Each structure stands twice: as structure tokens, then as C-alpha cells.
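Counting in this note's numbering, the sequence shown runs from -12 upward without gaps. The beta-carbon is built from N, C-alpha and C at its ideal position, and this holds for glycine as well. Since this is a predicted model, take the numbers as computed values, not measurements.
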Amino acid sequence: MKRLNGKFFIVAFKKAAERLLVNKDEINALNVFPVPDGDTGSNMSAAVLEAVEYLKQLNSTDLDQVVDAVKKGMLMGARGNSGVILSQIFRGFAEGTKERKYLTTKAFSECLLKSKEVAYKSVMKPVEGTMLTVIRVLAEKALSELMEIEEFEDYFTRLTEIAFKTVDETPEMLDKLKEAGVVDAG
């Protein structure tokens, strides 16, 4: 697939929401930064579930409207640092999809850059070794190493590999994670 449309985005977002919910407790257990309150998985799940509700109410599969509904739902459901930052990542992504009927991998990479920019601006003191680092690295790699990939299956495979590698490296960036022997929960 070389073009990602609104229908595909809905299916992919709902699948991602399911995966988050399945792993919510495990994510909560990883939560040690900025405070060890064990709610990162719950906070991100609340944002994502509200976005799914907004998608259910949407009577369109136009990409820009779909992503806008996700953005609004995420913001309304956002709780805690992780929920708010995740909502801002989608706010940035939505800025990149305005008036687009579909995304190519190149356009998706540009949306990741907007996601990174908005997310970093939303935090007074961004800290590396967090979910911010993951979106930053994804945007950077997407705009450099992945620009030649046209097929979304290959593109998403590489993005996933990059994301997991970056998450695995978070303890080396943040002492609190290293001391607890965990990766960043976000």
C-alpha cells in the first residue's frame, strides 16, 4: 500500500488502541518518571479510548476529519503527563493532515515531524529518555533514513523497529529509569 487513507487510519488506530489496553497494566508497572504513580498506561488509555468514541460518532472517512476526530478525542480524554503529551503528538499529526485525502510515506514522515514539534512545545522542560525522545527519533529517522521507502508495510516495520530500539535505550538517557531497571513507560 502506497497511500494511507482515512479508512485505514481508523482501523490502524483502533488496533493500536486495543494493544495499548492489553498492555495497560504492564505499562503502569514501568511508570517511574516523573513520579512513580503507576498511571501512565491508564492515562494514555483514557485518551485513546475517548478518541475511539469520537471516531464512532464520526460520519466520514476523510483522512483530515478522521485525524481531527482522534485529535479532539485524545485531548478530551487526556489525563496526566503521558495522556497530555500523547494528545499533543496527535495534535501535531493532525496539523500535517489538514486537507489531505491520503498520506504517502513521505507525507507521514512530515506529520511525524509536526507531532514532534507540537509535543516538545507543549512541555515546559522536555526531558530526554521519555516518550518525547521516541517521537523525536521517529521523526528524525523517518525524514532521513526512511524517505526512499514507498510501501507502508515496509515503512511501518522500520518505524516499529526504530521505536522499540529507542525505548530500549531510554534507561541510558534517564538515570531514574536506569536505577529502577525499566524503560520509559510512555
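Proximity of residue i and residue j at Cβ, strictly below 7 angstroms
| i | j | result |
| --- | --- | --- |
| Gly25 | Lys11 | no |
| Gly83 | Thr48 | no |
| Met31 | Leu73 | yes |
| Leu7 | Ala172 | no |
| Val154 | Val170 | yes |
| Lys88 | Leu50 | yes |
| Gly70 | Ala34 | yes |
| Ala81 | Val54 | yes |
| Ile136 | Thr92 | yes |
| Ala126 | Leu146 | no |
| Gly79 | Glu104 | yes |
| Ile149 | Ala106 | no |
Residue i: first and last residue of the uninterrupted alpha helix (DSSP H) it sits in
| i | result |
| --- | --- |
| Arg66 | No alpha helix (DSSP H) contains Arg66, which DSSP labels as neither H nor E. |
| Val121 | Met118 to Ser131 |
| Met31 | Thr27 to Gln44 |
| Lys112 | No alpha helix (DSSP H) holds Lys112; DSSP gives it neither H nor E. |
| Ala167 | Asp162 to Ala167 |
| Ile149 | Phe139 to Glu156 |
| Asn193 | As displayed, the chain neither begins before -12 nor continues past 173, which places residue 193 out of reach and without an answer. |
Nearest-angstrom Cβ-Cβ length linking residue i and residue j, presumed shorter than 8 angstroms
| i | j | result |
| --- | --- | --- |
| Leu36 | Gly64 | 6 angstroms |
| Glu138 | Met(-12) | 7 angstroms |
| Phe143 | Val57 | The pair is not a contact, with the Cβ atoms about 17 angstroms apart (cut-off 8 angstroms). |
One or two residues paired with residue i in a DSSP bridge
| i | result |
| --- | --- |
| Asn(-8) | Tyr89 |
**Q.** Contact the stretch 131 to 143 vs the stretch 33 to 45: 3+ CB pairs below 8 angstroms
**A.** no
Q: Mind the definition here: the stretch 110 to 126 touches the stretch 153 to 172 only if three or more C-beta pairs lie below 8 angstroms; say whether that holds.
A: yes
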